[in-house]
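Participant: I'd like to ask some things about the structure below.
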Amino acid sequence: MTEEQKAKCHKIADHYGEEHQMLKAVEEMAELTQAILKQRTCEWSYTAFVEELADVCIMLEQMLYFCKKNHGGSKYLAETIDAKLTRQLKRMEEESNA
């Protein structure tokens, strides 16, 4: 996402507020879930998938913005991401050795 796009996301986030946008994020993630599940059927549409993915990316940028703005930064988020990535890579290594 470009810096200009991020700025637009932040403007939207400030306008609607955290509580509203958290609920909107849930809605958009559900729509993406449905688009992904349709891949298994004849209803699959790459265009619909990309549109829903874009919506979720927009909402995730807003969630990151709120995390930084309202909840003391993103250090904990970065640490949590690192721990989860490390854990998954360890699982993959264990699977390979099994």
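Position 31 (the sequence shown) corresponds to 32 in this note's numbering; numbering is contiguous. Ideal Cβ positions, reconstructed from N, Cα and C, are used throughout, including at glycine. Note that the structure is a prediction, hence the values are computed from the model and not measured.
Can you give me the C-alpha to C-alpha distance between Gln89 and Gly18, rounded to a whole angstrom?
Facilitator: Stepping through the sequence shown from its first residue, residue 89 is reached at position 88. Stepping through the sequence shown from its first residue, residue 18 is reached at position 17. For Gln89 and Gly18, the distance between alpha carbons rounds to 34 Å.
Participant: Leaving out five residues before and five after Lys39 in sequence, what residues of the same chain have Cβ atoms less than 6 Å from its Cβ?
Facilitator: As a working mapping, residue 39 is identified with position 38 in the sequence shown. So the qualifying residues of the chain are Trp45.
Participant: Can you tell me which of His21, Cys58 and Cys68 puts its alpha carbon nearest to the alpha carbon of Lys9?
Facilitator: Here residue 9 corresponds to residue number 8 of the sequence shown, with the count starting at 1. When each option's Cα is compared against that of Lys9, the closest is Cys58.
Participant: Please return the same chain residues whose Cβ sits closer than 6 Å to the Cβ of Glu4, not counting the five positions on each side in sequence.
Facilitator: By one-based count along the sequence shown, residue 4 stands at place 3. Nothing listed; no residue qualifies.
Participant: Mind checking which residues open and close the alpha helix (DSSP H) that includes Cys68?
Facilitator: If you number the sequence shown from 1, residue 68 lands on position 67. Unbroken alpha helix (DSSP H) run through Cys68: Tyr47 to Asn71.
Participant: According to DSSP, simplified to helix, strand and coil, what is Glu95?
Facilitator: Indexing the sequence shown from 1 puts residue 95 at position 94. Looking at Glu95 - three-state DSSP - the assignment turns out to be helix.
Participant: Output the boundary residues of the alpha helix (DSSP H) element that contains Glu29.
Facilitator: Residue mapping note: residue 29 aligns to position 28 of the sequence shown, counting from 1. Glu29 -> alpha helix (DSSP H) spans Glu19 to Leu38.
Participant: Measure from the alpha carbon of Glu20 to the alpha carbon of each residue in Asn71, Thr81 and Leu33, then state which is nearest.
Facilitator: Here residue 20 is taken as the residue at index 19 of the sequence shown, counted from 1. Taking only the C-alpha atoms, the option nearest Glu20 is Asn71.
Participant: Tell me, please, whether the stretch 74–82 touches the stretch 28–35 by the rule of three or more beta-carbon pairs shorter than 8 Å.
Facilitator: Touching, no.
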